[in-house]
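Protein chains: 2
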Amino acid sequence: MQNTDGRKRSATAPDRGTAVPDRLLSAATRLFAEQGFERTSVQELVSAAGVTKGAMYHYFASKDDLLYAIYQRVLAMQMERLNGFAGAEGPVRERLRQAAIDVVHTTVDNLDDTRIFFRSLHMLSADRQIAVRKERRQYHERFRAMVEEGQRQGVFRADVPADIAVTQYFGAVHHLSTWYRTGGALTGGEVGAYFADLFLAGLSPVESAD
Amino acid sequence: MQNTDGRKRSATAPDRGTAVPDRLLSAATRLFAEQGFERTSVQELVSAAGVTKGAMYHYFASKDDLLYAIYQRVLAMQMERLNGFAGAEGPVRERLRQAAIDVVHTTVDNLDDTRIFFRSLHMLSADRQIAVRKERRQYHERFRAMVEEGQRQGVFRADVPADIAVTQYFGAVHHLSTWYRTGGALTGGEVGAYFADLFLAGLSPVESAD
DNA sequence: ATAGACATACCATCCGGTCGGTCGCCGGGC
DNA sequence: GCCCGGCGACCGACCGGATGGTATGTCTAT
Numbered sequence: 004m005q006n007t008d009g010r011k012r013s014a015t016a017p018d019r020g021t022a023v024p025d026r027l028l029s030a031a032t033r034l035f036a037e038q039g040f041e042r043t044s045v046q047e048l049v050s051a052a053g054v055t056k057g058a059m060y061h062y063f064a065s066k067d068d069l070l071y072a073i074y075q076r077v078l079a080m081q082m083e084r085l086n087g088f089a090g091a092e093g094p095v096r097e098r099l100r101q102a103a104i105d106v107v108h109t110t111v112d113n114l115d116d117t118r119i120f121f122r123s124l125h126m127l128s129a130d131r132q133i134a135v136r137k138e139r140r141q142y143h144e145r146f147r148a149m150v151e152e153g154q155r156q157g158v159f160r161a162d163v164p165a166d167i168a169v170t171q172y173f174g175a176v177h178h179l180s181t182w183y184r185t186g187g188a189l190t191g192g193e194v195g196a197y198f199a200d201l202f203l204a205g206l207s208p209v210e211s212a213d
Numbered sequence: 004m005q006n007t008d009g010r011k012r013s014a015t016a017p018d019r020g021t022a023v024p025d026r027l028l029s030a031a032t033r034l035f036a037e038q039g040f041e042r043t044s045v046q047e048l049v050s051a052a053g054v055t056k057g058a059m060y061h062y063f064a065s066k067d068d069l070l071y072a073i074y075q076r077v078l079a080m081q082m083e084r085l086n087g088f089a090g091a092e093g094p095v096r097e098r099l100r101q102a103a104i105d106v107v108h109t110t111v112d113n114l115d116d117t118r119i120f121f122r123s124l125h126m127l128s129a130d131r132q133i134a135v136r137k138e139r140r141q142y143h144e145r146f147r148a149m150v151e152e153g154q155r156q157g158v159f160r161a162d163v164p165a166d167i168a169v170t171q172y173f174g175a176v177h178h179l180s181t182w183y184r185t186g187g188a189l190t191g192g193e194v195g196a197y198f199a200d201l202f203l204a205g206l207s208p209v210e211s212a213d
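Residue numbers (my numbering), protein chains in the order written: chain L, 4 to 213; chain U, 4 to 213.
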């Protein structure tokens with residue numbers, strides 16, 4: 004019942020027990036994904052969150068800042084999950100498969116975030132774009148390291164750069180936000196299994212070059 | 004739009020011999036790709052094209068209409084190229100490889116178009132979005148038909164839906180506009196060769212399930 | 001003269017952001 | 001116990017500027 008702060012407003016906050024910043028974040032995520040960042044006005048945003056402009060600008064320096072907060076949240080989540088799989092025990096092929104499946108699963112579970120991520124990056128200020136790309140790059144490299152590990156062990160083919168393979172895969176994952184619909188023919192897990200299967204098959208050592 | 008051959012050049016256009024609609028189209032393509040559709044004002048656009056607002060609104064009904072024209076141009080080009088490869092002679096594996104390489108090549112040769120294509124789709128009006136998706140879907144299905152043909156012939160594995168494989172590949176191709184830089188380490192042809200290689204390797208029949 | 005191809009001035013609207021103000025809580029002086 | 005003053009949370013009317021779009025004029029070739 005209580006807020007995490009221990010603060011409780013009596014009459015002025017009628018509808019939700021959720022904290023104001025969280026309400027703003029989730030409303031923004033939904034609206035930015037549906038209509039795009041630029042098409043969503045601050046007024047529309049705060050109305051959807053059930054707060055006022057003043058409240059928003061009390062917590063966020065700008066509309067841009069709100070977008071950046073969404074990026075930070077999703078980046079942190081992705082990185083945390085990947086670290087879990089990359090640092091696990093077992094053969095690299097299996098670890099990579101698990102991570103590849105999971106990134107699809109996580110993506111379809113948070114389609115709004117992904118939609119925003121790639122569609123609105125250019126709306127951030129230049130330095131924040133750089134910050135996002137930098138963190139994204141770390142994620143990419145963590146993933147790539149697994150591929151390279153497999154290449155050194157000989158379980159993956161080495162005649163294709165690991166970078167290319169990983170980039171290709173992430174491209175496909177990112178593209179999910181364009182076509183995947185929740186409630187469609189395939190569940191996230193099924194798509195993830197297929198994707199990972201194709202990915203690993205592509206990385207399997209070739210017997211004879213054609 | 005039937006301004007293909009009857010070009011009129013007046014003495015009032017000082018710098019370019021190119022027709023005004025074309026100038027607008029290429030300026031818009033560049034600016035939309037660089038800054039995004041929303042960040043590019045009509046004034047900025049017409050200034051870059053060396054024309055005035057009046058000229059632009061003489062040829063295009065709206066800013067939206069201009070964006071749509073860009074989509075039509077790129078869709079027509081892609082479809083034409085794909086038809087060339089899909090309808091050619093030879094084994095399906097080779098035709099698919101050629102088409103897969105070419106789509107990468109064409110994409111990196113027209114990075115601006117691709118960048119706009121996926122980033123600004125949601126800026127079009129609803130019915131135009133539908134029109135674009137419909138045409139894009141035809142492209143997808145033409146490509147998929149080749150995969151299915153190979154699956155029937157047994158040269159491609161059939162335990163992964165052709166749809167999934169094609170979607171995955173196009174996702175990777177689309178993603179090129181995010182990371183590929185002209186003048187980088189790899190040429191478009193090289194990336195295309197690697198991508199096609201991974202794609203076809205993923206589709207190769209499996210001998211033993213792991 | 002007529003029609004198309006532009007040019008120019010102008011408009012209504014909307015948007016992100018601001019700023020002075022309100023409200024309820026809390027610690028402290030007595 | 002009780003008032004006081006401050007403080008952070010929040011409110012919402014307001015602003016300057018920019019934007020997409022339009023109305024109307026002008027030039028030129030036919």
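Don't be surprised by glycine CBs; every beta carbon is placed ideally from N, CA and C.
Taking only the alpha-carbon atoms, compute the straight-line gap between residue i and residue j and give it to the nearest angstrom.
{"i": "glycine 87/L", "j": "alanine 204/L", "result": "23 Å"}
{"i": "glutamate 37/U", "j": "serine 123/U", "result": "12 Å"}
{"i": "alanine 168/L", "j": "glutamate 47/U", "result": "39 Å"}
{"i": "alanine 64/L", "j": "histidine 125/U", "result": "27 Å"}
{"i": "valine 163/L", "j": "arginine 184/L", "result": "32 Å"}
{"i": "arginine 139/L", "j": "arginine 140/U", "result": "30 Å"}
{"i": "aspartate 200/L", "j": "alanine 30/U", "result": "43 Å"}
{"i": "threonine 43/L", "j": "arginine 33/U", "result": "25 Å"}
{"i": "lysine 56/L", "j": "lysine 66/L", "result": "11 Å"}
{"i": "glutamate 152/U", "j": "glutamine 101/U", "result": "15 Å"}
{"i": "threonine 21/L", "j": "valine 209/U", "result": "51 Å"}
{"i": "phenylalanine 121/U", "j": "aspartate 116/L", "result": "16 Å"}
{"i": "tyrosine 74/L", "j": "isoleucine 73/U", "result": "30 Å"}
{"i": "histidine 178/L", "j": "histidine 178/U", "result": "8 Å"}
{"i": "serine 207/U", "j": "leucine 206/L", "result": "11 Å"}
{"i": "glutamate 193/U", "j": "valine 194/L", "result": "28 Å"}
{"i": "glycine 39/L", "j": "serine 128/U", "result": "13 Å"}
{"i": "leucine 69/U", "j": "leucine 114/L", "result": "29 Å"}
{"i": "threonine 170/U", "j": "tryptophan 182/L", "result": "9 Å"}
Hey, is residue i's beta-carbon within less than 7 Å of any beta-carbon in chain U?
{"i": "isoleucine 167/L", "result": "yes"}
{"i": "alanine 148/L", "result": "no"}
{"i": "phenylalanine 198/L", "result": "yes"}
{"i": "glycine 174/L", "result": "yes"}
{"i": "glutamine 219/L", "result": "This structure gives no information on residue 219/L, because the portion of chain L shown stretches from 4 to 213."}
{"i": "valine 107/L", "result": "no"}
{"i": "valine 163/L", "result": "yes"}
Mind checking whether residue i and residue j have CB atoms under 7 Å apart?
{"i": "tyrosine 142/U", "j": "methionine 82/U", "result": "yes"}
{"i": "alanine 52/U", "j": "arginine 26/U", "result": "yes"}
{"i": "glycine 187/U", "j": "valine 111/U", "result": "no"}
{"i": "methionine 149/L", "j": "alanine 196/L", "result": "no"}
{"i": "phenylalanine 202/L", "j": "alanine 79/L", "result": "no"}
{"i": "tyrosine 71/L", "j": "arginine 131/L", "result": "yes"}
{"i": "arginine 118/L", "j": "serine 50/L", "result": "no"}
{"i": "glutamate 41/U", "j": "glutamate 92/L", "result": "no"}
{"i": "leucine 85/U", "j": "arginine 145/U", "result": "yes"}
{"i": "valine 95/U", "j": "valine 176/U", "result": "no"}
{"i": "valine 220/L", "j": "valine 23/L", "result": "With chain L running from 4 to 213 in the structure shown, residue 220/L is simply not present."}
{"i": "arginine 147/U", "j": "alanine 161/U", "result": "no"}
{"i": "glycine 174/L", "j": "glycine 174/U", "result": "yes"}
From the beta carbon of residue i, is the nearest beta carbon of chain L less than 7 Å away?
{"i": "glutamine 156/U", "result": "no"}
{"i": "histidine 178/U", "result": "yes"}
{"i": "glycine 205/U", "result": "yes"}
{"i": "leucine 201/U", "result": "yes"}
{"i": "glutamine 81/U", "result": "no"}
Any heavy atom of the ligand MN inside 6 Å of the beta-carbon of residue i?
{"i": "glutamate 144/L", "result": "In the structure on display, the ligand MN does not appear, and there are no ligands present to speak of."}
Any C-beta of chain U within less than 9 Å: which residues of the region 39-65 of chain L qualify? Gly39, Phe40, Glu41, Arg42
Please list the residues of the region 120-134 of chain L that have a C-beta atom closer than 9 Å to any C-beta atom in chain U, keeping them in chain order. Phe121, Arg122, Ser123, Leu124, His125, Met126
List, from N- to C-terminal side, the alpha helix (DSSP H) runs of 4 residues or more that fit wholly inside the region 116-181 of chain U. 129-156
What residue ranges within the region 31-113 of chain U form continuous beta strand (DSSP E) runs of no fewer than 3 residues, ordered along the chain? none
Contact set between the region 67-100 of chain L and chain U, restricted to residues whose Cβ is under 9 Å from the partner: Arg96
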